[in-house]
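Contents: one structure, followed by commentary.
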Amino acid sequence: MNLNEDLSEAIALGHDLGHTPFGHIGEEVLNELYPGGFRHNEQSLRVVDLLEKDGQGLNLTWEVRNGILKHSKGEADILGEEWENMSTLEGQVCKLADIVAYVNHDIGDAIRAGIISENDLPEQAVEILGHTHSQRINTLVCDVVNCSWAKPIIAMSPEVLRVTNSLRQFLFDKVYNPSLATKEAAKARKTLHLLYSYFLKHEDKLPPEFASLDDTGERKVVDYIAGMTDQYALRLAEEIFK
């Protein structure tokens with residue numbers, strides 16, 4: 000597609016740096032706890048602008064920073080009215096590529112976990128996109144390339160776009176939203192609440208790179224927690240509250 004590969008790669012590498020432990024549950028909890036609210040895409044930008052290189056940031060270009068900030072999608076339809084587009088084609092490609100990747104991987108994960116079965120998938124989506132993981136990815140990638148090649152924007156064919164949106168909504172209804180009410184989700188919420196309260200009361204226990212930030216205690220704690228993995232957060236909470 001004759002795009003800037005370095006720019007595309009930089010956006011792709013940076014766009015999820017602000018993701019919290021426990022995924023969307025973690026983002027929801029930090030958004031409730033932190034007075035200024037929390038969004039993982041804004042945190043991703045904060046990581047590259049401020050937290051990296053001992054508080055100096057990475058001095059990235061405006062185009063990379065725009066791609067990182069604007070990648071978030073929520074439940075809005077792909078390329079729909081509420082779809083916030085990037086200022087570069089590379090950013091638009093990364094945003095669509097992210098959907099192609101996670102929709103297909105999440106289908107496989109949900110089937111292996113017994114949450115859904117192959118037969119539950121929307122029939123038209125399977126017929127048009129394909130019956131297997133590789134078929135669906137190939138259909139989506141080829142469709143984006145073919146529909147965007149001669150245009151000034153990244154696009155998809157109406158038919159493929161329609162069934163991709165229906166497949167994505169199916170995942171929200173059957174996989175993503177129900178997962179917020181499980182025992183595991185409750186444990187994740189409790190863990191993050193405990194960690195937030197503890198470090199807010201004991202800022203001296205924060206790692207030096209966070210304790211030394213010129214910011215509020217709440218901000219330092221959120222920066223620390225947002226950078227944790229699931230296992231690190233669980234292990235740390237267990238060590239503190241054993």
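Under numbering that gives the first Met the number 0, the letters of the sequence shown match residues 0 to 241, in that order. We treat Cβ as the ideally placed atom computed from N, Cα and C, and that holds for glycine. These numbers were taken from a predicted model, which means no experiment stands behind them.
Review point. Can you give the Cα-Cα distance for D48 and H39, rounded to whole angstroms?
Key: Within the sequence shown, the letter at position 49 stands for residue 48. Within the sequence shown, the letter at position 40 stands for residue 39. So the two alpha carbons sit approximately 14 Å from each other.
Classify V140: buried if its beta carbon has 16 or more other beta carbons within 10 angstroms, exposed otherwise. For the purposes of this step, residue 140 is taken as the residue at position 141 of the sequence shown. Counting Cβ neighbours within 10 Å, V140 comes out exposed, since fewer than 16 surround it.
**OP:** Could you name the residues of the same chain whose beta carbon sits closer than 7 Å to that of E217, not counting the 5 residues immediately before and after it, in chain order?
**Re:** Within the sequence shown, numbered from 1, the residue matching residue 217 stands at position 218. Answer for E217: Y33, P34 and L199, listed in chain order.
- prompt: What first and last residue would you give for the alpha helix (DSSP H) that runs through K182?
  reply: Counting from one through the sequence shown, the residue named residue 182 turns up at place 183. K182 to K200 is the span of the alpha helix (DSSP H), which, as asked, contains K182.
Kindly indicate which three-state DSSP category M179 falls into: helix, strand or coil?
-> Position 180 of the sequence shown, counting from 1, holds the residue named residue 179. In the sequence under discussion, the amino acid at residue 179 is Leu, which differs from the Met named in the question. DSSP places L179 in coil when its eight states are reduced to three.
- Task: Please determine if the region 183-196 and the region 141-149 are in contact, where contact requires at least 3 C-beta pairs separated by less than 8 Å.
- Result: no
Contact check, L120 vs F169 under 8 Å by CB: the rounded distance? Here residue 120 refers to the residue found at position 121 of the sequence shown. Here residue 169 refers to the residue found at position 170 of the sequence shown. Yes, they are in contact, since the Cβ atoms of L120 and F169 sit about 7 Å apart, within 8 Å.
Helix, strand or coil for Q134? Go by DSSP, reduced to three states. Position 135 of the sequence shown, counted from the first residue, corresponds to residue 134. Q134 falls in the helix class under three-state DSSP.
**Asked** With C-beta atoms as the reference, is D203 less than 8 Å away from L212?
**Response** By 1-based counting over the sequence shown, the position of residue 203 is 204. By 1-based counting over the sequence shown, the position of residue 212 is 213. Cβ atoms of D203 and L212: not closer than 8 Å.
Determine the contact status of R167 and I24, defining contact as a CB-CB distance below 8 Å.
For the purposes of this step, residue 167 is taken as the residue at position 168 of the sequence shown. For the purposes of this step, residue 24 is taken as the residue at position 25 of the sequence shown. No, these two residues do not count as a Cβ contact at 8 Å.
Review point. Would you report the Cα separation of A112 and S178, rounded to the nearest angstrom?
Key: Locating residue 112 in the sequence shown gives position 113, counting from the first residue. Locating residue 178 in the sequence shown gives position 179, counting from the first residue. Using only the alpha carbons, I get a separation of about 12 Å.
**Study point:** For G66 and Q264, the rounded distance between their alpha carbons
**Key:** Residue 264 cannot be examined here, being either before or after the span of the chain that is shown, 0 to 241.
Exercise. Measure the C-alpha to C-alpha separation of L233 and V162 and round it to an integer number of angstroms.
Key: If you number the sequence shown from 1, residue 233 lands on position 234. If you number the sequence shown from 1, residue 162 lands on position 163. Rounded to whole angstroms, L233 to V162 spans 38 Å at the Cα level.
Check your understanding: Using the beta-carbon count (16 or more within 10 Å), is K189 buried or exposed?
Key -> As a working mapping, residue 189 is identified with position 190 in the sequence shown. With fewer than 16 other Cβ atoms within 10 Å, it is exposed.
Taking a contact to mean a Cβ-Cβ separation below 8 Å, would you say E51 touches L57 in this structure?
Start at 1 with the first residue of the sequence shown, and residue 51 comes out as number 52. Start at 1 with the first residue of the sequence shown, and residue 57 comes out as number 58. Their beta carbons are under 8 Å apart, which means E51 touches L57 by this criterion.
* Element boundaries [alpha helix (DSSP H), containing A11] -> Numbered from its first residue, the sequence shown carries residue 11 at position 12. E4 to G13 is the span of the alpha helix (DSSP H), which, as asked, contains A11.
Exercise. If you check the beta carbons only, do T19 and A236 fall under 8 Å apart?
Worked result: Within the sequence shown, the letter at position 20 stands for residue 19. Within the sequence shown, the letter at position 237 stands for residue 236. Not in contact: T19 and A236 (Cβ atoms no closer than 8 Å).
Practice prompt. Determine the closest residue to S194 out of V46, S7 and V28, with distance taken between C-alpha atoms.
Written response: In the sequence shown, counting from the first residue as 1, residue 194 sits at position 195. A small fix is needed here, since residue 194 is Leu in this sequence, not Ser. The option with the nearest alpha carbon to L194 is V28.
* Asked: Using the beta-carbon count (16 or more within 10 Å), is E80 buried or exposed?
  -> Counting from 1 along the sequence shown, the entry for residue 80 is found at position 81. Exposed: under 16 other Cβ atoms inside 10 Å.
query = Cα separation between S7 and R135?
reply = Taking the first residue of the sequence shown as 1, we reach residue 7 at position 8. Taking the first residue of the sequence shown as 1, we reach residue 135 at position 136. Using only the alpha carbons, I get a separation of about 22 Å.
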